[in-house]
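Following: one structure in structure tokens, then a few remarks.
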Amino acid sequence: MHIVPYFFTGFTTLIGAINFALVVTQKSVRFLLHGSRVPSWDFQTNLERDMFLYISQHSNTGFIYRASTVYWVPILLAAKNIISGWRYPCTTTSFQIPAVSIDYNLAQGTGRWKEQLLCVGADAVGSGYRINAERVMDTSSTERFEEGAGKAILYLHGGAYVTGSIQTHRYMHLRLSTTTKLPVFAIEYRLAPEFKYPTQLYDAYCAYTYLRQTLGYSSQNIVVAGDSAGGNLALALWQLVRAQGDALGALVLLSPRVDISYTRDSWRTNAEIDYLQPEHISNTQSSVFMLLGPHSLAEFKAESVVSYVNEFGSDPFLAPINADLSELPPTLIQASRLETMYSDICEFTARATAAIEQRGENRGRGSVELQVFPDGVHVFQLVSSGMRGVEEFWYNIGVFVRSLDNN
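By the working numbering, the letter at position 289 of the sequence shown is numbered 309, and the numbering carries on one by one without gaps.
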């Protein structure tokens, strides 16, 4: 009775793998015959861009969901991780983070998410849920490492909340630790569509609480970093801990998702270059709908599906461009001029800068710096890592984090 579903799953995975291999072959031949779509891109950058474009266009298929977690993407990134392990020597320690209870008053600070956050927390604590995590530490540093002393980085991976893992983003953890000489803590937060928002925010809060209460880091010694959806989650976590009365040490946001609309210019002008493509958020196969939509559509009419998701567009946790940004900690943002999110990120930076200046009472603590890479794609630090000039941006992250000691 159970053989047919397993057979179908295996068959669709095989077909998807064959199709994926054909796409990679086709794109490789195109590069050899016609060259790069952007003059400064090498073969690796073109191939990685095409690979991620294919994944983003098929994120709703069974093959891509499995590929992103256990199959092909980790295999394709394995070579990068192995080479990175040689070039950037680090120690990696796996551990688990326990669930924590959510205080009622803290939940009130999340607005519309109060009830869901309380329920997620109660379910996690009641079931004994634990979050898989790892600590990456640079081994080239001559400084003696002591847990809880100094600063630490909490890294939240990207992947549109529907894909990504510690394994797919280990390259980022290695680079962050070697450039900052700090321990990097990464977590395997739960993904949509199985787990709806704010489950991901709850998991990030558990990790933050673990660093604070178990490892002994002060809030101002915790730097929260993330790429794409992980940058979105970092900004949501900042809002949550602000409601708790804590002040983060800093934010490092790499091509962060700051809005869930697709209305600004770069979504149109950069769509032919970047791998990240605009979606209609009411499309039931879109990553936004998988994160926010109901588990079952049986009771929904087409028009109610649209209104159900569109109502989230102004929420400050999902679209932090609409948040009160006047109390942002020191924040470094890196983005590419060719990515589809570029206009969103520029608008967010402008609003944050204006809010901080208008408040005028941060005594120099709050600041926002946007660094723009001219030729890369979305999260160029990972996807365009072989391009000339990318190393400068990694170096700048190290400079920014070290400068926090002077604030």
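Heads up, the beta-carbon is just placed ideally off N, CA and C, and yes, glycines get one too.
Keep in mind the model is a prediction, meaning the values are calculated, not measured.
| Query | Result |
| --- | --- |
| Thr130 versus Pro340: straight-line alpha-carbon distance, rounded | 12 Å |
| Whole-angstrom C-beta distance between Tyr237 and Ala343, which should lie under 8 Å | Ala343 to Tyr237, Cβ: 24 Å. No contact. |
| Beta-bridge partners of Asn152, as assigned by DSSP | Gln116 |
| Exposure of Gly148, with buried meaning 16 or more beta-carbon neighbours within 10 Å | exposed |
| Beta-carbon gap between Ile242 and Asp223 smaller than 8 Å | no |
| Option in Asn66, His300, Asp279, Gly380 with minimal Cα separation from Phe337 | Asp279 |
| Option in Met361, Leu52, Leu235 with minimal Cα separation from Pro203 | Leu235 |
| Pairwise C-alpha distance: Ile151 and Pro109 | 25 Å |
| Same chain, Cβ closer than 6 Å to His398, neighbours up to 5 away in sequence not counted | Ser275, Asp294, Leu296, Glu359 |
| Environment of Ser114 [buried if 16+ CB atoms lie within 10 Å] | exposed |
| CA-to-CA distance, Thr183 to His193, given in whole angstroms | 17 Å |
| Inter-residue CB distance, Thr159 and Thr111 (contact presumed, cutoff 8 Å) | 6 Å |
| Residue span of the alpha helix (DSSP H) that contains Phe309, given as start and end | 307-312 |
| Between the CA atoms of Gln46 and Gln136 - distance to the nearest angstrom | 45 Å |
| Distance between beta carbons of Phe205 and Tyr225, contact taken as under 8 Å | Contact flag wrong, Cβ pair sits at about 14 Å. |
| Cβ neighbours of Ala270 in the same chain (closer than 6 Å, five flanking residues each side left out) | Val243, Pro349, Pro350, Leu424 |
| Member of Ala169, Ala355, Tyr181, Ser48 whose CA lies at the smallest distance from the CA of Ser306 | Tyr181 |
| DSSP state of Ala355 mapped onto helix, strand, coil | strand |
| Beta bridge counterpart(s) of Asp247 as assigned by DSSP | Leu274 |
| Buried/exposed call for Ile376, threshold 16 Cβ in 10 Å | buried |
| Where Ser248 falls, given that 16 or more other Cβ within 10 Å makes a residue buried | buried |
| Alpha-carbon to alpha-carbon, Ile75 and Gly386 | 37 Å |
| Assigned exposure category for Arg288 - 16 Cβ within 10 Å defines buried | exposed |
| Sequence-distant residues of the same chain with beta carbon closer than 7 Å to Val90, five excluded per side | Bear in mind that the predicted position of Val90 carries a pLDDT of just 42, short of 50, making it unreliable; the figure below should be weighed with that in mind. No residues qualify anywhere along the chain. |
| Burial state of Asn66 (16 or more Cβ within 10 Å) | buried |
| As assigned by DSSP and simplified to three states, the class of Thr304 | coil |
| C-alpha gap between Glu411 and Glu166, whole angstroms | 28 Å |
| In DSSP terms, what Gln220 is bridged to | Note: Gln220 sits in no beta bridge, so no partner. |
| Beta-ladder partner(s) of Cys110, from DSSP | Asp158 |
| DSSP-derived helix/strand/coil call for Phe63 | helix |
| Between the CA atoms of Ala267 and Phe51 - distance to the nearest angstrom | 48 Å |
| Assumed close pair Leu221, Leu253 - CB separation to whole angstroms, cut-off 8 Å | 7 Å |
| CA nearest to the CA of Val145, picked from Lys134, Ala153, Asp123 | Asp123 |
| For Glu412, the three-state DSSP class (helix, strand or coil) | helix |
| Option nearest Tyr209 by Cα separation, candidates Arg284, Pro118, Asn290 | Pro118 |
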